[in-house]
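Let me begin by presenting the structure, written as structure tokens, before commenting on it.
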Amino acid sequence: MEHNYDLEKRKYVIAGAVVCIVLVYLLRLLSLQIMSEDYKKNADSNAFLKKIQYPSRGIIYDRNGELLVYNQPAYDITIVMKEVTQLDTMDLCRTLKITPDYLRRRLAEIKDRRLNPGYSPYTNQIFLSQLSSEDCGFFQEKLFKFPGFYIQRRTVRQYNHSSGAHILGDVAEVSKSDIENDDYYIAGDFIGKLGVERSYEKQLRGEKGVEILLRDARGRIQGKYMNGKFDKASVPGKDLKLSLDINLQQLGERLLEGKIGSIVAIEPSTGEVLCLVSSPTYDPHLMIGRDRGKNHLALARDPWKPLLNRAIMGAYPPGSTFKTTQALTFLQEGVITTSTPFPCSHGFVFRGLRVGCHAHGSPLPLIPAIATSCNGYFCWGLYYMIGSRQKYGTVQKAMDTWRDYMVSMGFGYPLGIDLPGEKRGMIPNSKYYDKAYRGSWNGLTIISIAIGQGEVTATPLQIANLGATIANRGYYVTPHVVKEVSGEPLDTVYSQRHYTMVDKVHYEEVVQGMRSAVLGGTCRMANLPDIEVCGKTGTAQNRGKDHSAFMGFAPMNDPKIAIAVYVENGGWGATYGVPIGRLMIEQYLKGKLSPEDEEMATEIQNRRIDYGLQER
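The sequence shown begins at 0 in numbering that gives the first Met the number 0 and counts up one residue at a time.
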């Protein structure tokens with residue numbers, strides 16, 4: 000019989016193919032089990048239950064060590080979908096005080112990977128957050144009836160006072176964008192949303208820990224994996240000491256009740272913000288717990304706009320407080336000297352243009368012009384500066400020189416305070432006016448900027464910073480509300496001095512003018528018997544009723560506080576701005592108000608301004 004060599008070869012080919020297939024499967028299995036991270040994660044998720052250990056958030060104090068924000072226990076209900084069996088939905092809803100509709104919607108949200116990118120049926124997912132101890136205790140008793148549900152302890156914020164909401168901010172559940180922007184967060188985590196809670200989030204939040212529990216094939220917890228060898232303890236967040244004086248903050252909020260406006264006080268030598276009042280404000284306790292969303296929506300719809308931080312977001316005409324910047328610029332540029340007189344015929348009157356002013360002596364040199372807040376004086380100064388072709392060549396060059404002075408004094412751009420949302424205000428330049436007037440304009444066209452009107456706007460923070468700059472005779476430190484972060488140095492940006500374009504000698508001259516304003520000018524009500532107060536009123540024109548403003552500092556030769564007060568529709572600067580400024584300075588420097596000034600504070604507190612809005 001003839002041997003068939005072709006069949007013999009075919010046998011080896013088939014055997015070789017089988018061996019190759021087996022090798023391929025073995026190699027693939029090896030790569031899955033040993034080299035593939037995906038498989039390892041999958042295996043881990045089945046065998047292990049990783050419980051996040053949330054750190055306690057950093058505590059917040061005021062400058063004197065007064066406790067402002069702390070933590071209290073709260074509890075989350077979590078769910079592992081794979082372990083949920085024979086769920087009695089009605090019993091669960093009764094126990095947790097939720098509706099069946101909410102239960103169905105919440106489970107659908109957890110499973111939706113678009114809303115919950117980190118979803119896995121084998122891992123803990125947040126089902127309900129921020130339960131009180133009482134509610135959690137009731138659920139704990141019945142926990143055995145709800146397989147797949149767990150209780151996770153964490154902390155929530157609590158406030159020691161009802162003041163300072165715009166500075167402190169609040170904490171809320173992370174959004175989808177929060178998770179996408181920082182892989183520290185997963186669905187159900189909490190993050191600072193406003194105020195220092197947001198700007199110092201990374202310092203306050205701490206570091207999460209993890210507890211790894213071992214499960215059997217049926218998902219039942221068997222205990223800690225390797226006796227906790229791979230567990231990681233959470234690291235508490237860092238505490239903050241604010242520069243805020245809570246007593247001063249509370250007085251400021253009290254004085255602005257029923258009014259729209261702001262008060263900002265700064266320690267000139269350090270840039271530390273002593274108070275930052277925005278009115279109307281709100282109680283930070285409204286932002287705690289499961290009603291936060293409902294309360295936030297109500298505040299957002301309030302016509303008084305209590306969520307708006309007017310101290311850093313409100314752009315107002317600075318009015319006559321701005322005249323100090325003009326005096327400094329004109330002195331430095333040689334447009335005037337302290338003895339240069341300008342006439343005021345109840346205002347600036349020239350070539351058919353009139354800018355009105357109140358009655359006072361005329362002509363006046365600089366220091367009395369500051370003391371009486373003469374509009375005519377500063378309009379003449381700007382007219383001569385912008386029109387000086389011999390010095391500047393063109394109105395454009397003169398205008399941009401003027402603008403550079405304003406910017407060096409902290410206007411036109413955000414100052415860089417360590418709070419989110421600061422606005423820049425408006426300081427025009429030559430390009431702005433070239434576009435607005437098609438290249439045909441002069442000093443008369445823009446004369447109103449000399450008295451803080453027209454296109455010029457500033458935030459109350461910038462006006463307070465102007466007071467600090469004058470108090471320091473020519474420099475400011477970037478304003479900031481955090482004085483210390485435990486365990487780490489404060490950013491050096493909050494200790495650097497920013498010098499303006501004006502020499503110190505000219506600041507001394509403006510200081511004399513502001514002191515004269517308090518002794519016998521428009522700020523007489525700010526005069527305190529044993530404190531040398533320097534001040535400048537502001538009455539900013541507004542459609543309807545003027546805004547009332549005050550900017551000042553004290554003591555004159557050893558300044559501890561610089562302040563800006565701004566009350567919308569408050570009328571003359573002396574109506575609200577000056578008396579409020581006086582009370583705030585006295586409170587900070589003396590620690591309390593005199594009996595007479597306490598009566599004044601109560602009287603101001605009880606005044607209401609009609610803004611045509613629904614009563615709060």
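For every residue, glycine included, the Cβ atom is placed at its ideal position computed from N, Cα and C.
Small disclaimer: the values here were computed from a predicted structure and weren't measured.
Report the option in Ala314, Arg353, Arg62 and Asp529 whose CA atom is closest to the CA atom of Ile445.
If we check each option's Cα against that of Ile445, Arg353 comes out closest.
Using the beta-carbon count (16 or more within 10 Å), is Gly351 buried or exposed?
Under this definition Gly351 is an exposed residue.
Which term fits Arg514, buried or exposed, when burial requires 16 or more other beta carbons within 10 angstroms of its beta carbon?
By the 10 Å Cβ count, Arg514 comes out buried.
When you compare the CB positions of Ala561 and Ile584, do they come within less than 7 Å of one another, or not?
For Ala561 and Ile584, no; Cβs fall outside 7 Å.
Would you identify the three-state DSSP class for Leu48, choosing helix, strand or coil?
Strand.
Would you give the residue range spanned by the alpha helix (DSSP H) that Tyr431 belongs to?
Ser429 to Tyr436 is the span of the alpha helix (DSSP H), which, as asked, contains Tyr431.
Give the DSSP bridge partners of Tyr315, in chain order.
Per DSSP, Ala457.
Out of Val276, Ser132, Ala548 and Gly424, which one is the CA nearest neighbour of Gly569?
Checking every option, the nearest Cα to that of Gly569 belongs to Ala548.
Anyone know if the C-beta pair for Tyr382 and Gly442 falls short of 7 Å?
Contact flag set, yes.
Let me know the secondary structure DSSP gives Ser261 once reduced to three states.
Note: Ser261 maps to strand in three-state DSSP.
Quick check: Ala525 and Arg606, are their CB atoms within less than 7 Å of each other?
Not in contact: Ala525 and Arg606 (Cβ atoms no closer than 7 Å).
Determine the contact status of Pro283 and Tyr436, defining contact as a CB-CB distance below 7 Å.
No, Cβ-Cβ distance for Pro283 and Tyr436 is not below 7 Å.
Going by DSSP in three states, Ile562 sits in which element: helix, strand or coil?
Residue state, collapsed to three classes: strand.
Tell me the DSSP secondary structure of Met617 in three-state form.
Lying outside 0 to 615, the shown extent of the chain, residue 617 is not represented and no answer is given.
Pop quiz: Pro302 and Gln452 are said to be a contact at Cβ under 8 Å. What is the actual Cβ separation, rounded to whole angstroms?
Contact doesn't hold; Cβ gap of about 27 Å is too wide.
For chain B, is any of its Cβ atoms less than 7 Å away from the one on Arg204?
Among the protein chains of the structure shown there is no chain B, as only one such chain exists.
How would you call Gly411, buried or exposed, if buried means at least 16 neighbouring beta carbons within 10 angstroms?
Label assigned to Gly411: buried.
Do Arg309 and Ser242 have their C-beta atoms closer together than 7 Å?
No; because the gap between Cβ atoms is not below 7 Å, this pair is not in contact.
What separation, rounded to the nearest whole angstrom, lies between the Cα atoms of Ala470 and Arg153?
Distance between the alpha carbons of Ala470 and Arg153 is about 47 Å.
Using 8 Å as the Cβ pair cut-off and three pairs as the minimum, do the stretch 333-348 and the stretch 473-487 touch?
With the cut-off at 8 Å, the stretch 333-348 and the stretch 473-487 do not touch.
Express the C-alpha separation of Val532 and Ile603 in angstroms, rounding to a whole number.
Their Cα atoms are separated by approximately 21 Å.
Can you tell which of Ser494, Asp417 and Gln395 has the C-alpha that lies nearest to the C-alpha of Leu275?
Cα-wise, what sits closest to Leu275 is Asp417.
I'd like to know if the stretch 184-203 and the stretch 317-328 are in contact, where contact means that at least 3 CB-CB pairs between them fall below 8 Å.
Judged by Cβ distances under 8 Å, the stretch 184-203 makes no contact with the stretch 317-328, as fewer than three pairs qualify.
Could you name each continuous beta strand (DSSP E) segment of 3 residues or more that falls completely within the stretch 66-132, going from the start of the chain to the end?
66-78 and 124-130, all fully within the stretch 66-132.
Excluding five sequence neighbours on each side, which residues of the same chain lie with their C-beta closer than 7 Å to the C-beta of Asn41?
In this predicted model, Asn41 has a pLDDT of only 43, less than 50, meaning its place in the structure is not dependable enough to derive any value.
Which of helix, strand or coil does DSSP assign to Asn605?
In the structure shown, Asn605 sits in a helix (DSSP, three-state: H, G or I).
Per DSSP, Ala539 is paired with what?
In the DSSP output, where bridge partners are listed per residue, Ala539 has His546.
Can you tell me whether Glu507 is helix, strand or coil according to DSSP?
Of the three classes helix, strand and coil, the one that applies to Glu507 here is helix, per DSSP.
Considering just the uninterrupted stretch of the alpha helix (DSSP H) at Glu200, what are its terminal residues?
Start and end: Glu200 to Arg204.
So for Cys378, helix, strand or coil by DSSP?
Reduced to three states, the DSSP call for Cys378 is helix.
Is the CB-CB distance between Val234 and Arg156 below 7 Å?
No.
Go ahead and pull the three-state DSSP assignment for Tyr158.
Of the three classes helix, strand and coil, the one that applies to Tyr158 here is strand, per DSSP.
Given a threshold of 16 other Cβ atoms within 10 Å of its Cβ, counted over all protein chains shown, does Asp90 qualify as buried or as exposed?
Its Cβ having fewer than 16 others within 10 Å, Asp90 is exposed.
Rounded to whole angstroms, what is the Cα-Cα separation between Val476 and Tyr498?
The alpha-carbon atoms of Val476 and Tyr498 are separated by roughly 9 Å.
So, helix, strand or coil for Lys223, using DSSP?
It is a strand residue.
Determine the closest residue to Val406 out of Tyr474, Trp440, Ala358 and Cys343, with distance taken between C-alpha atoms.
It is Tyr474 whose Cα lies nearest to the Cα of Val406.
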